[in-house]
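Below: one structure, written as structure tokens.
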Amino acid sequence: MALATVQCPQSTVVSMFFSNFVQLPKSITTIAPWHTDCWTQWFDRDNPSGPGDYETLSALHAEYPGKICAYPLQIQVLTTAWHPVSSTGDIIDTSDTVTGFICKNSLQTNGRCSDYQVRFQCPPEFCASTTPCCWTDWFDRDNPSGKGDFEILIKLRKENPGKICNNPLQIQVLTTGVSTVYTCFIVFLILSRSDTEKGFICKNCDQKGGRCSDYKVRFQCPIDFCPRSQGNSL
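Residue numbering for the sequence shown follows the working numbering, starting at 8 and increasing by one per position.
What follows is the structure, given as structure tokens:
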């Protein structure tokens, strides 16, 4: 069966719960795409042995082609010892998503900057296009005969040990008998141990007809998970 992939459901009333289970209001019938934080690796191309520490975006793009998106959303800076910039007392010349990061030795009272590393936040599409990944099998653990269709990640893992990676990148949702796949990025937050339930929920009480469709889900995982799974590589 050919599958058409779209971003997220645009006309189906569902309750989508990720991380802390914040429910969409019942009046909402359009679901905005869910995005995951997409951060590059840490880069340390320079050290303060010369005029300073120059972690400029143009130089990083040249030295690490394809590793940083063209227009980053945010920049993060830490020392190479993993301390925040504020702890160093350094006077920073530049720190933005256009130029990158510059610390000049001439601006420091002791004549030398700390050694810094940087990383950049990119649109989620950048990570999706550059990170090798694979998809798990489809799972359909529930049906809407009770309160709704509850395809919860923690329960799916318990019922299908070794079949789903620990930190899925995306979730796809497919209604049984329909050939449209809804793809949504999973939200990643700093979670407590009790907030690990992520997945898909459709509640019958939210539907105009009083009943959800029957859904199945699958998850996108990092490529290193693929040899252990039966999923499809992408």
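From the three backbone atoms N, C-alpha and C, an ideal C-beta is built for every residue, glycine too. Treat the numbers as computed from the prediction; the structure is a model and nothing was measured.
Using a Cβ-Cβ distance cut-off of 8 Å, the region 91–100 and the region 110–118 are in contact, since at least three pairs of beta carbons, one from each stretch, lie closer than that value. Boundaries of the beta strand (DSSP E) around R126: Y123 to C129. If you draw a 10 Å sphere on the C-beta of V180, you find 16 or more other C-beta atoms in it, and that means buried.
Contact between F133 and P175 does not hold, since their C-beta atoms are separated by about 18 Å, which reaches or exceeds 8 Å.
Within the region 40–97, the runs of beta strand (DSSP E) at least 3 residues long that lie entirely inside it are, in chain order, 59–63 and 81–86. When the Cα atoms are used, V92 and L67 turn out to be separated by approximately 20 Å.
Counting only unbroken stretches of 3 or more residues, the beta strand (DSSP E) elements lying wholly within the region 143–177 are 155–159, in sequence order.
Residue pairing by DSSP places K205 in no beta bridge whatsoever.
The beta carbon of C76 lies closer than 6 Å to those of C129 and F133 in the same chain, with the five residues before and after it left out.
Note on geometry: alpha-carbon atoms of S152 and C172 lie some 28 Å from one another. In the DSSP annotation of this structure, the continuous segment of the beta strand (DSSP E) that includes F108 starts and ends at G107 to K111.
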